[in-house]
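Following my numbering from start to finish, the sequence shown increments by one per residue and tops out at 1253. Backbone N, C-alpha and C fix where the C-beta goes; we use that ideal spot for every residue, glycine too. Computed from a predicted structure; not experimentally measured. What follows is one structure encoded as structure tokens, with my remarks underneath.
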Amino acid sequence: MTIVLPEFEEAPERSRGRNVRAGFQRAIGLQEGDLVEQLHQDKLYNRAMQLARKRTVVAEQNRMNLYLILRFGFDGLAPGHIVEFGAYRGGNALFMAAVCQELHPGMNVYAFDTFDGMPATDPQRDGHRAGDFKDAGYEELLEVIEKEKIDNLHLVRGLFEDTADEAMKNVGSVRLNHVDCDIYSAVKYSYDVSRKYMVDGGYWVFDDCLCSDCLGAMEAVEETTIRRDGRFAEQVFPHLVYRNWPSSWT
């Protein structure tokens, strides 16, 4: 199915390290336009969604935005894979992997999680506590991957600090990092560990930073992505999206 994006011809494609036009097309198209209705009719979106439906808590418009990035956002980027930090029950990773099988053959999705609940958190800034989301169903997820032949999805089990540094060497170049973590330490680490692997123009998508119980996640973005690295958001709806271009990029 053909997806028609809103135009926004006056918005710049290059400004302060982001594509303002593309950000408006996705964000305003989802919030105020008819992209939600279009995607409800899209066969690939719906087929991939069937895999994710019982295993994801990602909000619908957030997932739709990821789909739009996967479908329209990779043109002109160097080859690379997708990483997701904070996979929980694996539904969104299944969704992205199924879409990539159709649109980007050879692109893999690497899903990082303890698959055993939250690690220790900081009550001074985090709304979640150790053990939250422990009902991940890791063995069941492996069965779904095998049954549905989603062979481009790879699970990396354990604390990020114990697994990601070595795993990222095997992943290599990254086009998209979906940071679906709810706590300060996890967001900060998953952003930093991916920086040197991100292709020019690649995406960091922060799923939870604007949620009421994820103040620590937002603090990590403010400290690293915004203050330290000087990045400007390409989207603030339905979640935060940043690009790997210098802020002087015009």
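- For the beta strand (DSSP E) assignment, the uninterrupted runs of no fewer than 3 residues enclosed by the stretch 1142-1228 are, from N- to C-terminal side, 1156-1160, 1177-1182, 1201-1209.
- Taking the Cα positions, T1166 is about 23 Å away from C1212.
- As summarised for the stretch 1054-1107, the continuous alpha helix (DSSP H) elements at least 4 residues long and confined to that stretch are 1063-1075, 1094-1106, given in chain order.
- Contact annotation: the stretch 1241-1248 does not touch the stretch 1144-1162, with fewer than three C-beta pairs closer than 8 Å.
- In this structure, the beta-carbon distance from M1067 to L1033 falls below 8 Å.
- Pairwise C-beta distances place the stretch 1196-1209 in contact with the stretch 1165-1183, as three or more of them are shorter than 8 Å.
- The secondary-structure analysis by DSSP pairs Q1238 across a beta bridge with V1244.
- If you draw a straight line from the Cα of F1115 to the Cα of I1085, it is about 11 Å long.
- Following the DSSP letters along the chain, one finds F1027 inside the alpha helix (DSSP H) bounded by residues 1023-1034.
- With a threshold of 16 other beta carbon atoms within 10 Å, H1107 meets it and is buried.
- The three-state reading of DSSP puts V1039 in helix, counting H, G and I together.
- Put simply, the backbone Cα of V1007 is about 45 Å away from that of Q1127.
- Cβ atoms of G1083 and R1058 stay farther apart than 8 Å, at about 25 Å.
- Setting aside the 5 residues that flank it on each side, F1011 is surrounded in the same chain by R1024, F1027, Q1028, each with a C-beta closer than 7 Å to its C-beta; the list follows chain order.
- Out of A1123, R1132, G1161, the CA that lies nearest to the CA of Y1141 is found in G1161.
- Apart from sequence neighbours up to five positions away, the residues of its chain that approach K1137 with a beta-carbon distance below 8 Å are D1119, G1120, M1121, ordered along the chain.
- When V1190, S1197, L1073 are compared, the shortest CA-CA separation from N1173 is found for S1197.
- Counting the other CB atoms within 10 Å of its CB gives H1043 a total below 16, which places it among the exposed residues.
- For F1115, the enclosing beta strand (DSSP E) starts and ends at 1112-1116.
- Its chain contains L1047 as the residues whose beta carbon lies nearer than 6 Å to that of E1105, once the 5 sequence neighbours on both sides are disregarded; these appear in chain order.
- DSSP lists no bridge partner for S1250.
- With respect to the C-alpha of D1195, the residue from C1214, V1147, I1186, D1168 having the closest C-alpha is D1168.
- Residue environment for E1146: exposed (fewer than 16 other C-beta atoms within 10 angstroms of its C-beta).
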